[in-house]
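Residue numbers (this note's numbering): 2 to 414.
Don't be surprised by glycine CBs; every beta carbon is placed ideally from N, CA and C.
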Ligand SMILES: Cc1ncc(COP(=O)(O)O)c(C=O)c1O
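Okay, structure coming up:
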């Protein structure tokens, strides 16, 4: 290995471009340290993080209880393979089961892999338990389920599919929040419906209660499974541990990743006993699934969220964030709508290019924001965000809205 000079942002960016594949439109910013809602670059510039590593660090960077759980477990045992028993995945599964609709958990490594597992489970359940060849899956327009071949086939956005044909058969999209469209797409062919309770990558679109209730009833009537992809909105992000809990409707299968591992790669498929029993030895597996260190981190995440006031704080700060943004929408030009729940919030702009500028200027000013779906400023701060941190972020944002969007025409334009 080459000896490297002192790390600077510029040198790291240059080295990265040389050796990492060009799959991400990265900002020219590098980070070396994080704590709570703050990040630092190699030159010592501080940033306020309203993105949380894309909804991964729900308790902020380097939360002491996660750090301590990882340190303790990594001094004991990392990995044994799934041919043997270890305790950390059992402890995390017990906690997930205790606090959800589910009876059983399958651990994997990412959101796409969790969704692949969910679709495999739904198919084998249809064939082996329901004795039924209806194994199609209805997914939603504008959805996002991951980047594997299976999940780009499932995803309802063309942009992720370009250049990758042939895709997998067995998926059909329907319009989100349109029960008639799902009913038509499912007819005579589908064994499951897969949807995000809030579409995250699609621009922060929550499902309506009528839609979720209607799809549940449709699935019950037609003997289909309901799969919720909570990869982005699970683990407290919406102010409940799981987003489905806002709706009073339970899925048959639920997928998790991102925040469930507290920053380590971890995904999970949760299911009822009846459905989970369709998986038997040899049907599904992954080498690292339930890795001891990742699941120990996950257990710490759940402990902190369930024993502290994290969910309450998420709801309170989320409400404050949304009402501040609604005030901005009345004051500045070109803000179309504020949407979201808890601390996943979207601010839709009329002009996506202004959104790009806003994100870039926010970074210059030390605030990390994100643009989803071309024109939706997405806020995903840590759930333990303080009132002072929220106020600091909003102050930076308002200054930039004034600069980039300008004041709204007093006649309401
Ligand atoms: C709802 C949803 N599902 C699945 C995924 C894919 O997760 P991963 O990138 O861990 O494969 C994402 C990622 O953004 C997501 O938001």
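- request: Determine contact between the stretch 219-228 and the stretch 8-22, defined as no fewer than three beta-carbon pairs at a distance below 8 Å.
  value: no
- request: Could you tell me which of 39, 330 and 340 sits nearest to residue 204, measuring between CA atoms?
  value: 340
- prompt: Under 6 Å from any heavy atom of ligand 1, does the C-beta of residue 197 make it?
  reply: yes
task: Go to residue 102, then tell me how far its beta strand (DSSP E) extends in each direction, as first and last residue.
output: Per DSSP, residue 102 belongs to no beta strand (DSSP E) and is neither H nor E.
message: For a test of your reading of the model: does the CB of residue 233 fall under 6 Å from any non-hydrogen atom of ligand 1? Yes or no.
response: At least one heavy atom of ligand 1 falls within 6 Å of the beta-carbon of residue 233.
task: State the start and end residues of the unbroken alpha helix (DSSP H) segment that holds residue 122.
output: 112-125
field: Buried/exposed call for residue 185, threshold 16 Cβ in 10 Å
entry: exposed
- prompt: Which residues share a DSSP beta bridge with residue 39?
  reply: 36 and 49
field: C-beta contact flag for residue 155 and residue 177 at 7 Å
entry: no
query: For residue 319, does the count of other Cβ atoms within 10 angstroms reach 16, so buried, or fall short, so exposed?
result: Buried.
- request: Give a yes or no on whether the C-beta atoms belonging to residue 298 and residue 268 are separated by under 7 Å.
  value: no
query: So, using beta-carbon positions, are residue 21 and residue 394 closer together than 7 Å?
result: no
field: residue 355 beta carbon less than 7 Å from that of residue 405
entry: yes
- request: For residue 173, write down the residues that DSSP places opposite it in a beta bridge.
  value: 139
message: Within a Cβ cutoff of 8 Å, which residues of the same chain sit near residue 238, ignoring the five residues on either side of it in sequence?
response: 56, 59, 244, 260, 315, 343, 344, 345, 381 and 384
- request: With a threshold of 16 other CB atoms inside 10 Å of the CB of residue 258, please say whether the residue is buried or exposed.
  value: Burial is judged here by how many other beta carbons sit within 10 angstroms of a residue's own beta carbon; residue 258 has at least 16 and is buried.
query: Measuring CA to CA, which of 199, 210 and 70 is closest to residue 235?
result: 199
task: State whether the stretch 320-335 contacts the stretch 90-104, with contact taken as three or more CB pairs (one from each stretch) at a distance under 8 Å.
output: no
message: Contact between the stretch 291-310 and the stretch 148-164 is defined here as three or more beta-carbon pairs at a separation below 8 Å; is this criterion met?
response: no
- prompt: Can the beta-carbon of residue 202 be found less than 7 Å from the beta-carbon of residue 373?
  reply: Going by C-beta atoms, residue 202 is nearer than 7 Å to residue 373.
query: With a Cβ-Cβ cutoff of 7 Å, do residue 229 and residue 252 count as a contact?
result: Yes, they are a contact pair.
Three-state class that DSSP yields for residue 274 in the structure shown: helix
- prompt: Roughly how many angstroms lie between the CA atoms of residue 130 and residue 282, to the nearest whole one?
  reply: 16 Å
- prompt: If you drop the 5 nearest sequence neighbours on each side, which residues of the same chain put their C-beta closer than 8 Å to that of residue 357?
  reply: 372
- request: Flag residue 211 as yes when its Cβ comes closer than 6 Å to any non-hydrogen atom of ligand 1, and as no otherwise.
  value: no
task: Grab me the residues of residue 87's own chain with a C-beta within less than 7 Å of its C-beta, minus the 5 sequence neighbours each way, in chain order.
output: 78, 81 and 293
query: In the structure shown, what three-state DSSP assignment does residue 471 receive?
result: This structure cannot settle anything about residue 471, because the visible part of the chain is limited to 2 through 414.
C-alpha gap between residue 241 and residue 68, whole angstroms: 24 Å
field: Enclosing alpha helix (DSSP H) for residue 403 [first to last residue]
entry: 388-405
query: Going along the chain, which residues of its own chain have a beta-carbon closer than 8 Å to the beta-carbon of residue 334, five neighbours each way excluded?
result: 406, 407, 408, 409, 410 and 414
task: Can you give me the start and stop residues for the beta strand (DSSP E) that residue 257 sits inside?
output: 254-257
Anticipated Cβ contact below 8 Å, residue 54 with residue 232, distance rounded: Actually they are not in contact, since the Cβ atoms of residue 54 and residue 232 sit about 13 Å apart, beyond 8 Å.
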